[in-house]
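Encoded as structure tokens, the structure appears first; notes follow it.
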Amino acid sequence: MEYTVLGKTGLKISKIGFGGIPIQRIKQEEARPLFETLVELGINYLDTARAYTVSEEYIGAAMEGLRDRFVVATKSGSKTREDMARDIETSLKNLRTDYIDLYQVHNPGMEALDTIVGEGGALEALLEAKAAGKIGHLGLTCHSVQVFERALELPWVETIMFPYNIVETQGEELIRRCREKNIGFIDMKPLAGGAIEDGELALRFVLNNPDVTVTIPGMYSVDEIRQNAAVAGNKSPLTAEEQEKIDEVRKQLGSNFCRRCNYCAPCTVDIQIPSVFLFAGYLERYGLADWARQRYATLDVKASACIGCGACETRCPYELPIRQMLKKSAEEFGE
Numbered sequence: 025m026e027y028t029v030l031g032k033t034g035l036k037i038s039k040i041g042f043g044g045i046p047i048q049r050i051k052q053e054e055a056r057p058l059f060e061t062l063v064e065l066g067i068n069y070l071d072t073a074r075a076y077t078v079s080e081e082y083i084g085a086a087m088e089g090l091r092d093r094f095v096v097a098t099k100s101g102s103k104t105r106e107d108m109a110r111d112i113e114t115s116l117k118n119l120r121t122d123y124i125d126l127y128q129v130h131n132p133g134m135e136a137l138d139t140i141v142g143e144g145g146a147l148e149a150l151l152e153a154k155a156a157g158k159i160g161h162l163g164l165t166c167h168s169v170q171v172f173e174r175a176l177e178l179p180w181v182e183t184i185m186f187p188y189n190i191v192e193t194q195g196e197e198l199i200r201r202c203r204e205k206n207i208g209f210i211d212m213k214p215l216a217g218g219a220i221e222d223g224e225l226a227l228r229f230v231l232n233n234p235d236v237t238v239t240i241p242g243m244y245s246v247d248e249i250r251q252n253a254a255v256a257g258n259k260s261p262l263t264a265e266e267q268e269k270i271d272e273v274r275k276q277l278g279s280n281f282c283r284r285c286n287y288c289a290p291c292t293v294d295i296q297i298p299s300v301f302l303f304a305g306y307l308e309r310y311g312l313a314d315w316a317r318q319r320y321a322t323l324d325v326k327a328s329a330c331i332g333c334g335a336c337e338t339r340c341p342y343e344l345p346i347r348q349m350l351k352k353s354a355e356e357f358g359e
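Convert by adding 24 to the 1-based position in the sequence shown; the result is the number in the working numbering.
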């Protein structure tokens, strides 16, 4: 396994980490063999979140007696000091640990970020927990390039997580700036939420970018862990044949794939268009239908509210048929 340093945190981590979303698909007792395999293969970076239903609990149980072998990262979408303080305590309890290596603000919008960093905001609780030794380092995750840009200028942000893969390259320049500023870059969605079928090719593409600190494919089986770990050992440049395959993947997905750049906003009726497509991706590709429906249910305005004005499509740099895609999502979710 190849190791690297997670930016200014100084934490030594494996280039491939364990993405904790799909673990929701298995039973708790099935998680322990996964973690024994992670130890065997040297994968030491774990990613989970308060929002991932049982993920924190499963990880906590599975790493009993192995805590010192892992760098644990979780996150919360709470915006206020009180709510974040409660989530931190819940994470510590679920993960069965007295400290969390990295705690991240989970996918805030620009307005939410104002609340988080303001008086009485979640940042106060995070800094207090860090001072108390309950948290080692702080980071932020996002799907919006605007939030990414702002995060680069926030002095407390030590890591940034953002989607990057064969078909989602909108953040490449910002990822480069992470490296320049010694901010650890954590790559989520290396397989584009399961849309890219060739996992080896997808990981090879990501790992060939020197600006990527760690990538965290979601894994819920020993076979997946072994396959992904094997890719980390291949440090050779992409071949001409692999580049041709990458071009083909882009042709297949590029015409109808949301990169969540948020340029489509604001929607005339306030639909959070990128969020709709994010949850639709979980519904269609991750095998997490119940969880996807729960997340979709939290949206104030559903896809069915689309009035077909088309304003979003005029702003989409990828010329996506957003109205058609929203209609499909409304049918899939039933509202």
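Quick reminder that beta carbons are idealized off the backbone N, C-alpha and C, glycines included.
* **8 Å Cβ cutoff met for I190 and I270** => On the sequence shown, position 166 is the one that residue 190 refers to. On the sequence shown, position 246 is the one that residue 270 refers to. Yes, they are a contact pair.
* Asked: Can G66 and S38 be called in contact, C-beta distance under 8 Å?
  -> The residue you call residue 66 lines up with position 42 of the sequence shown. The residue you call residue 38 lines up with position 14 of the sequence shown. Going by C-beta atoms, G66 is nearer than 8 Å to S38.
* Asked: In terms of alpha-carbon separation, which member of T72, T61, E60 and T33 lies closest to G242?
  -> Looking up residue 242 in the sequence shown gives position 218. Comparing Cα positions, the closest option is T72.
* Could you tell me the distance, in whole angstroms, from the CA atom of Y82 to the CA atom of G311? => One-based indexing of the sequence shown puts residue 82 at position 58. One-based indexing of the sequence shown puts residue 311 at position 287. Roughly 18 Å separates the two Cα atoms.
* **Start-to-end residues for the beta strand (DSSP E) that takes in I112** => As a working mapping, residue 112 is identified with position 88 in the sequence shown. Counting along the chain, I112 falls outside any beta strand (DSSP E), though it belongs to the alpha helix (DSSP H) covering R105 to N118.
* Note the first and the last residue of the continuous alpha helix (DSSP H) segment covering S79. => Your numbering for residue 79 matches position 55 in the sequence shown. Per DSSP, S79 belongs to the alpha helix (DSSP H) from S79 to A86.
* Asked: So M25 is in the alpha helix (DSSP H); what residue range does that whole segment cover?
  -> Position 1 of the sequence shown, counted from the first residue, corresponds to residue 25. Note, M25: premise wrong, no alpha helix (DSSP H); not H, not E.
* Just the Cα atoms here: how many angstroms apart are D125 and R110? -> Residue 125 sits at position 101 when you count from the first residue of the sequence shown. Residue 110 sits at position 86 when you count from the first residue of the sequence shown. Those two C-alpha atoms are separated by around 17 Å.
* Asked: Hey, is K154's beta-carbon within less than 8 Å of any beta-carbon in chain B?
  -> This model lacks chain B altogether, as it is built from one protein chain only.
* **DSSP state of M243 mapped onto helix, strand, coil** => By one-based count along the sequence shown, residue 243 stands at place 219. Coil.
* **Closest by C-alpha distance to E60, when choosing among I249, G217, Y342 and L176** => Position 36 of the sequence shown, counted from the first residue, corresponds to residue 60. Measuring from the Cα of E60, the nearest candidate turns out to be I249.
* To do: Please say whether Y287 and C340 have beta carbons closer to each other than 8 Å?
  => The residue you call residue 340 lines up with position 316 of the sequence shown. The residue you call residue 287 lines up with position 263 of the sequence shown. Taking 8 Å as the Cβ cut-off, C340 and Y287 qualify as a contacting pair.
* I210, enclosing alpha helix (DSSP H) - first and last residue -> Translated into positions along the sequence shown, residue 210 becomes position 186. Not the alpha helix (DSSP H): I210 falls in the beta strand (DSSP E), residues G208 to M212.
* Candidates C336, I207, G144 and E265: which alpha carbon is nearest D294's? -> On the sequence shown, position 270 is the one that residue 294 refers to. The shortest Cα separation from D294 among C336, I207, G144 and E265 belongs to C336.
* By Cβ distance, which residues of its chain are closer than 6 Å to Y69, with the 5 residues on each side in sequence left out? -> As a first step, residue 69 must be located in the sequence shown, where it is residue number 45. Excluding sequence neighbours, Y69 sits near I37, S38, G41, V95 and V238.
* Contact set for A304: own chain, Cβ-Cβ below 7 Å, skip 5 residues either direction -> By one-based count along the sequence shown, residue 304 stands at place 280. Here the set comprises S353 and E356.
* To do: Less than 8 Å between the CB atoms is what I'm expecting for G157 and Y127, so what's the real figure, rounded?
  => As a first step, residue 157 is located in the sequence shown; it is residue number 133 there, counting from the start. As a first step, residue 127 is located in the sequence shown; it is residue number 103 there, counting from the start. The Cβ separation is near 12 Å, so there is no contact.
* Can you pull the DSSP bridge partners for N189? -> Sequence index remark: in the sequence shown, residue 189 carries index 165 (1-based). Answer is E192, bridged to N189.
* **Environment of C285 [buried if 16+ CB atoms lie within 10 Å]** => Walking along the sequence shown from the start, residue 285 turns up at place 261. Per the 10 Å Cβ criterion, buried.
* Can you list, in chain order, the residues of its chain whose CB lies under 8 Å from that of P46, leaving out five sequence neighbours each side? -> In the sequence shown, residue 46 corresponds to position 22, counting from 1. The residues are G242, M243, Y244, Y310, G311 and L312.
* Can you check whether the CB of F172 is closer than 8 Å to the CB of L198? -> If you number the sequence shown from 1, residue 198 lands on position 174. If you number the sequence shown from 1, residue 172 lands on position 148. Going by C-beta atoms, L198 is nearer than 8 Å to F172.
* Kindly indicate the opening and closing residues of the beta strand (DSSP E) around G31. => As a first step, residue 31 is located in the sequence shown; it is residue number 7 there, counting from the start. First-last for G31: undefined, no H or E at that position.
* To do: Decide if V29 is buried, meaning its Cβ has at least 16 other Cβ atoms within 10 Å, or exposed.
  => Within the sequence shown, numbered from 1, the residue matching residue 29 stands at position 5. Exposed: under 16 other Cβ atoms inside 10 Å.
* Asked: In or out: T98 buried (at least 16 other Cβ within 10 Å) or exposed?
  -> Taking the first residue of the sequence shown as 1, we reach residue 98 at position 74. Buried is the call here.
* **alpha helix (DSSP H) segment containing V236, residue limits** => On the sequence shown, residue 236 is found 212 positions in, with the first residue counted as 1. Counting along the chain, V236 falls outside any alpha helix (DSSP H), and DSSP gives it neither H nor E.
* Asked: Just how far apart, CA to CA, sit E204 and W180?
  -> In the sequence shown, counting from the first residue as 1, residue 204 sits at position 180. In the sequence shown, counting from the first residue as 1, residue 180 sits at position 156. The alpha-carbon atoms of E204 and W180 are separated by roughly 16 Å.
* Work out the CA separation of L344 and S299 for me, nearest whole Å. => Start at 1 with the first residue of the sequence shown, and residue 299 comes out as number 275. Start at 1 with the first residue of the sequence shown, and residue 344 comes out as number 320. Cα-Cα distance, rounded: 15 Å.
* Does the beta-carbon of Y27 have 16 or more other beta-carbons within 10 angstroms, so that it is buried, or is it exposed? -> Position 3 of the sequence shown, counted from the first residue, corresponds to residue 27. Looking at its Cβ environment, which holds fewer than 16 other Cβ atoms inside 10 Å, Y27 is exposed.
* L162, DSSP secondary structure in three states -> By one-based count along the sequence shown, residue 162 stands at place 138. If DSSP states are grouped into helix, strand and coil, L162 belongs with the strands.
* DSSP on I124, reduced to helix/strand/coil? -> On the sequence shown, position 100 is the one that residue 124 refers to. Three-state result, I124: strand.
* Could you pull the start and end residues of the beta strand (DSSP E) that T61 belongs to? => In the sequence shown, residue 61 corresponds to position 37, counting from 1. Segment A55 to L65 is the alpha helix (DSSP H) holding T61; no beta strand (DSSP E) there.
* How big is the Cα-Cα spacing for M134 and S168? -> In the sequence shown, residue 134 corresponds to position 110, counting from 1. In the sequence shown, residue 168 corresponds to position 144, counting from 1. Answer to the nearest angstrom: the Cα atoms are 9 Å apart.
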